[in-house]
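Student:
2 protein chains.
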Amino acid sequence: MSPVTDALTDAATDAATDAATGAVPDSMTGARPAATRPPGRPRSERADKAIIDATLALLVEEGGVAGVTIEAVAARACVGKTTIYRRWPNKEALILDALASLKEPDPELAGVSVRDDLVALARTLGVEKGDRRRVGVYWNVFGNGDKHPELYRRFSRDVVEPRREVMRAVLRRGIETGELRPDIDVDLVMWLIIGAVVHRAKAYGVGPVPDDFADRLVDTALRGLAPH
Amino acid sequence: MSPVTDALTDAATDAATDAATGAVPDSMTGARPAATRPPGRPRSERADKAIIDATLALLVEEGGVAGVTIEAVAARACVGKTTIYRRWPNKEALILDALASLKEPDPELAGVSVRDDLVALARTLGVEKGDRRRVGVYWNVFGNGDKHPELYRRFSRDVVEPRREVMRAVLRRGIETGELRPDIDVDLVMWLIIGAVVHRAKAYGVGPVPDDFADRLVDTALRGLAPH
DNA sequence: CGGTTGCGATACGAGAGCGTATCGATAGTT
DNA sequence: AACTATCGATACGCTCTCGTATCGCAACCG
Numbered sequence: 000m001s002p003v004t005d006a007l008t009d010a011a012t013d014a015a016t017d018a019a020t021g022a023v024p025d026s027m028t029g030a031r032p033a034a035t036r037p038p039g040r041p042r043s044e045r046a047d048k049a050i051i052d053a054t055l056a057l058l059v060e061e062g063g064v065a066g067v068t069i070e071a072v073a074a075r076a077c078v079g080k081t082t083i084y085r086r087w088p089n090k091e092a093l094i095l096d097a098l099a100s101l102k103e104p105d106p107e108l109a110g111v112s113v114r115d116d117l118v119a120l121a122r123t124l125g126v127e128k129g130d131r132r133r134v135g136v137y138w139n140v141f142g143n144g145d146k147h148p149e150l151y152r153r154f155s156r157d158v159v160e161p162r163r164e165v166m167r168a169v170l171r172r173g174i175e176t177g178e179l180r181p182d183i184d185v186d187l188v189m190w191l192i193i194g195a196v197v198h199r200a201k202a203y204g205v206g207p208v209p210d211d212f213a214d215r216l217v218d219t220a221l222r223g224l225a226p227h
Numbered sequence: 000m001s002p003v004t005d006a007l008t009d010a011a012t013d014a015a016t017d018a019a020t021g022a023v024p025d026s027m028t029g030a031r032p033a034a035t036r037p038p039g040r041p042r043s044e045r046a047d048k049a050i051i052d053a054t055l056a057l058l059v060e061e062g063g064v065a066g067v068t069i070e071a072v073a074a075r076a077c078v079g080k081t082t083i084y085r086r087w088p089n090k091e092a093l094i095l096d097a098l099a100s101l102k103e104p105d106p107e108l109a110g111v112s113v114r115d116d117l118v119a120l121a122r123t124l125g126v127e128k129g130d131r132r133r134v135g136v137y138w139n140v141f142g143n144g145d146k147h148p149e150l151y152r153r154f155s156r157d158v159v160e161p162r163r164e165v166m167r168a169v170l171r172r173g174i175e176t177g178e179l180r181p182d183i184d185v186d187l188v189m190w191l192i193i194g195a196v197v198h199r200a201k202a203y204g205v206g207p208v209p210d211d212f213a214d215r216l217v218d219t220a221l222r223g224l225a226p227h
C-alpha cells in the first residue's frame, strides 16, 4: 500500500537498472585508461531516487522538517537506514538534497502576451496536474524560515528565486509593452499572484484547484475589482 | 531572557492577582447560598495565561503542532508540568484551547467605503502592529490541515471563518453599491487578498510588512494591473 | 488550628528517533 | 576465484518526550 512512486519490489530488478552506471563516467578526456569506475558493488540509483522521493513526500505530509524521520524515510523508500547514512551524514543534508532536487529548468513561456505568460506561471506554481508536493514543500519550508535558515536560504536561492525572476521579467516586459500600468509595484503584484495561488492550492477541504483558477485569477487581477 | 510576555517572577505576587477568582462565579441565579467557591488553593489565572501564551509562541516558532512540547511550554511559562496536566489531559487539548483563545470579536469597520473596509481587514490579517503570532499560527495550522484535521476544523470554524465572513460581506456590499464590478468572483478575490497578505507577512528575510502594504495592495487590486 | 487543593520540582517507565556498528548476502571488477 | 563495496536487517547507546506519581510547600477556608 506504499504510495511511493517507484518502489522497488525486489533486488533482482536492481542489477539491470543500475548496470548503466559503469558506462557513465566516460565524460573525461577520453584518452584515459578508463580507470574511473571504483571497485565493489555500485550504489543503487533506484535507491537514490526512492530516498529523495520519500523524503519529499514526508516533508509534505508530516508538515515540515520536524516530521521527517530517517526511519520513516527508510521504510517508505523500502531501504535500510544504512543506505541512507552512507549517502548523507545526517537528516539536514538529506533534506537539503531533496529540496535541491526540486530545481527545474525555467518554464518555456510563449511570450505572446503577458496575460498568457502569467497564467502559465501561475499554473506551474501549484495548479500543475495535481502536484501538491511542490506547493506543500514550499509552504512548509517557507513557513519555517526562521527555524531552519540554511534550508530556507538554499531552497529560496536554488528553487524559488529563479521562478520569481521569470515572473518579474514578465511583469517588467508588460510594463514596457504597455500591457500593464506603468505605476504598478512589481513585487507587490508578485505577492498577490503567488500568494493567491499558493494559498488556494494549500487549502484543505475545499477540493482541488479548478483547472481555470489561474486564468480567472490573472484576468481578475488584470481587470481589477472596481468598475471603470 | 525568557520572552514570555507576562512571566511571573515569584509566587508572592500570585496571591494578590488571583484573589479576584473567588468573586467571579456569581453568575448563577444569585439566590444560591453562595456555595460556589471550592475549598483549597485556587488555580492561578496567571499560570493559565502564561501557558496559553507559551503554547502559541511555540506553535509559531517551532513550526507546528509537532514542535510544541509540554516540557517546553512548562519551561517557557515558568510553570511545572503538573500545572499543565491538571488543566488539560494532553497536548492536543492544550493546543485546541490555545487556538480557541485567538478568537476575537469581529473588527469594527467604518463602513464608509468598501476600499477602506478592505484595507482595515487586510491590516488585521497580518500587518497589525507586528503581531507575527496570528499569521504564524494561521500558516502552521492551515498547512497541516490533513495531518491534524480536528485542530484545523475547529480553528477554521471558530477563528478563521468568522473573519472570512466579514470580508465576504464587505465584498458583496461593494457589488451591491456599485463600488465593485458585478461579475467578480468573491471567493477568488478573497484568495487574492488573504493570500497576498498572509504570504507577505510570513515572508522571511524581507523585513516587516510595511505600514502601507494593505493600502497599496487593496488599491492595486481595485484598479487592476492593466491600463484602461 | 486542621482540611483541602494548587504549586513547582523531580523521578519514573515507556516509546520514538538519532547515528553507529555489525551481520550475511549481493553485485560488481580483476 | 579473490576482492571490494553496497545491500537490508538488526541491535545498540543515547537523548528527548510523554504522561504519571510523589515530594514538601503555599494558599485559601472553616
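Residue numbers (numbering that gives the first Met the number 0), protein chains in the order written: chain P, 0 to 227; chain W, 0 to 227.
Where is the CB? At the ideal position from N, CA and C, for every residue including glycine.
Within 10 angstroms of its Cβ, does P/R199 collect 16 or more other Cβ (buried), or is it exposed?
Tutor: With 16 or more other Cβ atoms within 10 Å, it is buried.
Student: Assuming the contact rule is C-beta atoms closer than 8 Å, P/P207 and P/V165 should be a hit. Round their C-beta distance to whole Å, please.
Tutor: Not confirmed; about 25 Å, so no contact.
Student: For chain W, is any of its Cβ atoms less than 8 Å away from the one on P/D211?
Tutor: No, because no Cβ of chain W sits closer than 8 Å to the Cβ of P/D211.
Student: Report the residue ranges of all beta strand (DSSP E) runs contained in full by the region 148-192 of chain W; include only those spanning at least 3 residues, in chain order.
Tutor: Whole beta strand (DSSP E) segments, 3+ residues: zero.
Student: Is W/W138 helix, strand or coil when you go by DSSP?
Tutor: Three-state DSSP puts W/W138 in a helix.
Student: Determine the contact status of P/V196 and P/R167, defining contact as a CB-CB distance below 8 Å.
Tutor: Contact: no.
Student: Cα-Cα, which of P/L221, P/N89, P/V158 is closest to P/E178?
Tutor: Ranking P/L221, P/N89, P/V158 by Cα distance to P/E178 puts P/L221 first.
Student: So which residues of chain P does W/V188 contact, with C-beta pairs closer than 8 Å?
Tutor: In chain order: T219, L224.
Student: Could you give the residue range of the alpha helix (DSSP H) that holds W/L124?
Tutor: Careful: W/L124 lies outside any alpha helix (DSSP H) and carries neither H nor E.
Student: Checking contacts by CB at 8 Å: is W/R199 closer than that to chain P?
Tutor: Chain P, which has a Cβ nearer than 8 Å to the Cβ of W/R199, makes this yes.
Student: Cβ of W/G39 less than 8 Å from any chain P Cβ?
Tutor: No, its Cβ sits nowhere closer than 8 Å to a Cβ of chain P.
Student: Round the Cβ separation of W/A121 and W/D115 to the nearest angstrom and send it over; I've been treating them as touching at under 8 Å.
Tutor: Going by Cβ atoms, the distance from W/A121 to W/D115 rounds to 11 Å, so no, they are not a contact pair.
Student: In angstroms with no decimal places, state the Cα-to-Cα distance between P/G135 and P/L57.
Tutor: Their Cα atoms are separated by approximately 10 Å.
Student: So with CB distances below 8 Å, who are the chain W contacts of P/D184?
Tutor: The answer, in chain order, is R215, T219.
Student: Look at the alpha carbon of P/D211 and the alpha carbon of W/L191, and state the distance between them as a whole number of angstroms.
Tutor: The alpha-carbon atoms of P/D211 and W/L191 are separated by roughly 15 Å.
Student: Along the region 139-160 of chain W, where does the CB come closer than 9 Å to a CB of chain P? Name the residues.
Tutor: Against chain P - using a Cβ distance shorter than 9 Å - the residues of the region 139-160 of chain W are N139, F141, G142, N143, G144, D145, K146, H147, P148, Y151, R152, S155.
Student: Skipping 5 residues on each side, what residues in its chain have a beta carbon closer than 8 Å to that of W/V169?
Tutor: Hits under 8 Å: L108, V113, D116, L117, L120.
Student: What did DSSP end up calling W/K48 once you bin it into helix, strand or coil?
Tutor: Note: W/K48 maps to helix in three-state DSSP.
Student: Should P/K102 and P/D52 be called a contact, given that it needs their Cβ atoms to be closer than 8 Å?
Tutor: Their beta carbons are not under 8 Å apart, which means P/K102 does not touch P/D52 by this criterion.
Student: Throw me the rounded Cβ distance for the W/G142 and P/W87 pair, which I believe falls under 8 Å.
Tutor: Wrong, their Cβ atoms sit about 25 Å apart, outside the cutoff.
Student: Nearest-angstrom Cα distance between P/T219 and W/A225?
Tutor: Answer to the nearest angstrom: the Cα atoms are 10 Å apart.
Student: Given this structure, state the Cα-to-Cα distance separating P/D145 from W/E70, to the nearest angstrom.
Tutor: Cα to Cα, the separation comes out at about 22 Å.
Student: Output needed in chain order: residues of the region 94-113 of chain W with a Cβ under 7 Å from some Cβ in chain P.
Tutor: Listed by position along the chain: nothing, the set is empty.
Student: Evaluate P/T35 with the Cβ neighbour count: other Cβ atoms within 10 Å of its Cβ, from every protein chain shown; 16 or more gives buried, anything less gives exposed.
Tutor: Flag for P/T35 reads exposed.
Student: Can we count W/V159 as close to the ligand SAH, meaning its CB is less than 7 Å from some heavy atom?
Tutor: Summarising the ligand content, the structure contains no ligands, and the ligand SAH is consequently not present.
Student: If I'm right that W/G194 touches P/G194 with Cβ under 8 Å, what's the distance once you round it to whole angstroms?
Tutor: Their Cβ separation, rounded to whole angstroms, is 4 Å, which keeps W/G194 and P/G194 in contact under 8 Å.
Student: Under a three-way DSSP split, which group does W/K90 fall into?
Tutor: Helix, per DSSP.
Student: Have a look at P/A65, P/A49, P/A97, P/L55 and flag the residue whose alpha-carbon is nearest the alpha-carbon of P/G79.
Tutor: Considering only alpha carbons, the answer is P/A49.
Student: Around the Cβ of W/T123, are there at least 16 other Cβ atoms within 10 angstroms (buried) or fewer (exposed)?
Tutor: W/T123 should be labelled buried.
Student: State yes or no: is the C-beta of P/R153 within less than 8 Å of the C-beta of P/L93?
Tutor: No; because the gap between Cβ atoms is not below 8 Å, this pair is not in contact.
Student: Would a check of beta-carbon distances place W/H227 closer than 8 Å to chain P?
Tutor: It does: the Cβ of W/H227 has a partner Cβ on chain P nearer than 8 Å.
Student: With a CB to CB cut of under 6 Å and the five nearest residues on each side skipped, what residues in its chain are close to W/E149?
Tutor: Here the set comprises nothing.
Student: Would W/G194 count as contacting chain P if we go by Cβ distances under 8 Å?
Tutor: Chain P contact via Cβ: present.
Student: Taking C-beta pairs closer than 9 Å, name the residues in chain P that W/E175 reaches, listed in chain order.
Tutor: By Cβ distance, chain P contributes nothing, its closest Cβ being about 13 Å from W/E175, past 9 Å.
Student: List, in chain order, every chain W residue whose beta-carbon is nearer than 8 Å to that of P/E61.
Tutor: Ordered by position in chain W, the residues that pass the 8 Å Cβ test against P/E61 are A65, K146.
Student: Could you tell me the alpha carbon to alpha carbon distance between W/I183 and W/V111, rounded to whole angstroms?
Tutor: Distance between the alpha carbons of W/I183 and W/V111: 21 Å.
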